[in-house]
Amino acid sequence: MTMTLTINGAEHRVDAEPDTPLLYVLRDDLGLNGAKYGCGLGQCGACTVHVDGRPVFSCLTPVAAVQGRRVTTVEGLGSPGNLGPLQQAFEQEQAAQCGYCIAGMIMRAQALLDRGGPISDADIRNHMQTNLCRCGTHMRILRAVRRAVDATGARTSSLEAKP
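For the sequence shown, the working numbering begins at 896 and goes up steadily by one.
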């Protein structure tokens, strides 16, 4: 089945079965390799992308579900020569060890920055807990997100996260 998808602001025509995971289409058909195949079960977050501004596991999202919606991958946040603020913060904090989880971490964190409002350290921890890092660089990842919050002028709060 031929579908038109909007990925990182550009339209792409792809030929795929409707139940094909979005991750496979991104990587295999469009060459967007930022999102990684980690577990295939939506438990690690390595495949996180945004659909209409919300983080989703692309390994679980059927490609047919994103027709007519905006998909953003880590490649849509910046490029090697022009990093976005969050990508810069991850680089400055040396948040990647093996790097496998980083694109998913960045996409999860970007959703937090995009929501606006006060962002406390507890908010960051709660929001990021969905994504896993097997190398154990969680503290550097949290510092990178804090750095990006501060650099982008997002409002911060010392209050604990609200339920």
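Beta carbons are placed, not taken as given, at the ideal position from N, Cα and C, and that holds for glycine. All values derive from a computational prediction rather than experimental measurement.
query: Can you tell me whether DSSP reads Ala-859 as helix, strand or coil?; result: For the chain, the structure presents residues 896 to 1058; residue 859 sits outside this window and is missing.
query: Which value, in whole angstroms, describes the spacing of the CA atoms of Thr-943 and Gln-989?; result: 20 Å
query: Considering only C-alpha positions, which residue in the set His-1022, Gly-948, Leu-1027, Pro-1013 is nearest to Ile-997?; result: Leu-1027
query: Against chain C, does Arg-1041 count as a neighbour if the rule is that its beta carbon must be under 7 Å from one of theirs?; result: Within the model displayed, chain C is absent; a lone protein chain is all it includes.
query: I need the DSSP call for Pro-980, collapsed to helix, strand or coil.; result: helix
query: Do Gly-926 and Gly-999 have their C-beta atoms closer together than 7 Å?; result: no
query: Where does the unbroken beta strand (DSSP E) through Ile-1036 begin, and where does it stop?; result: It is not in any beta strand (DSSP E) - Ile-1036 instead sits in the alpha helix (DSSP H) that spans 1033-1047.
query: Sorted by chain position, which residues of the same chain lie with C-beta nearer than 6 Å to Ile-1036's C-beta, five sequence neighbours on each side aside?; result: Ala-990, Met-1000
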